[in-house]
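Enquirer:
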Amino acid sequence: MKVLKLCVALPHLKELYDGLIDKHNREVENNLYANAGFDLVFPETLCLISGTHKVDLQVRCAMYEEGKGPSAFYLYPRSSIYKTPLRLSNSVGIIDSGYRGNLGAVFDVSGPYECVEGQRFVQICSPSLEPFKIIRVDHLDETARGTEGFGSTGLF
């Protein structure tokens, strides 16, 4: 089974994530039909206007396959995002196995919208969409890939 190590940057979000992680892990352990994804929360209330907005989700993650090593993973929009004027600009985020920077989401916004701290618009999924467990950690290991994201490896 895959394990996601989740490092929360903001102290006030650690307790919130601890509860979400506990609920998620209980479901994975006890439900044959556990959800494929783990929801990430908006770290602060933001009023977004029409246009494109990059939001730092204030979490860093690393996924591992027990006994095998690191794994890439995906950042998908939650299905309920259709109720908002938000759309994930790149449809899906592919998070490289060695990336260690803060996760972010770039949204195309079709009209003014207030995103409230704690709201859930995106989710992490394993490459196979199988359930995974989560451990909150204070630090992640360093990698050659490092913390540069969103096109840092270039177009060519």
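Just so you know, we're using our numbering here: the sequence shown kicks off at 99 and counts up by one.
No residue lacks a Cβ here, since even glycine has one placed at the ideal position from N, Cα and C.
Computed from a predicted model, the values in this text were never measured in an experiment.
In three-state DSSP terms, what is LYS166?
Expert: coil
Enquirer: Near HIS122, which residues of its chain fall below 7 Å by C-beta distance, leaving aside the five closest residues on each side in sequence?
Expert: PHE136, ILE232
Enquirer: Are there 16 or more other CB atoms within 10 angstroms of the CB of ARG198, so buried, or fewer, so exposed?
Expert: buried
Enquirer: Flag this pair as touching only if the region 158-172 and the region 108-121 have three or more C-beta atom pairs under 8 Å; answer yes or no.
Expert: no
Enquirer: Check whether the region 182-191 touches the region 114-130, counting contact only when three or more Cβ pairs, one atom from each stretch, lie closer than 8 Å.
Expert: no
Enquirer: When you compare only the Cα positions, how much space is there between ALA141 and ARG124?
Expert: Looking at the sequence provided, one finds Pro at residue 141 rather than Ala. Cα to Cα, PRO141 sits roughly 24 Å from ARG124.
Enquirer: Between which two residues does the alpha helix (DSSP H) containing VAL126 stretch?
Expert: 109-128
Enquirer: Which residue or residues does DSSP assign as beta-bridge partners of VAL139?
Expert: ARG218
Enquirer: By alpha-carbon positions, which one of LEU146, LEU173, ILE147, SER148 ends up nearest to ARG158?
Expert: Looking at the Cα atoms, LEU173 is the closest of the given residues.
Enquirer: For LEU227, count the other beta carbons within 10 Å of its own beta carbon; 16 or more makes it buried, fewer makes it exposed. Which is it?
Expert: exposed
Enquirer: So VAL235 and LEU104 are supposed to be a Cβ contact under 8 Å. How far apart are they, rounded?
Expert: Taking 8 Å as the upper bound for CB-CB distance, VAL235 and LEU104 are in contact here, some 7 Å apart.
Enquirer: So, under 8 Å CB-CB, GLY216 and LEU114 are touching, yes? Tell me the CB distance rounded to an integer number of Å.
Expert: With 8 Å as the limit, GLY216 and LEU114 qualify as a contact, their Cβ atoms being about 7 Å apart.
Enquirer: Give me whichever residues DSSP pairs with LEU201 in a beta bridge.
Expert: LEU201 is not bridged to any residue.
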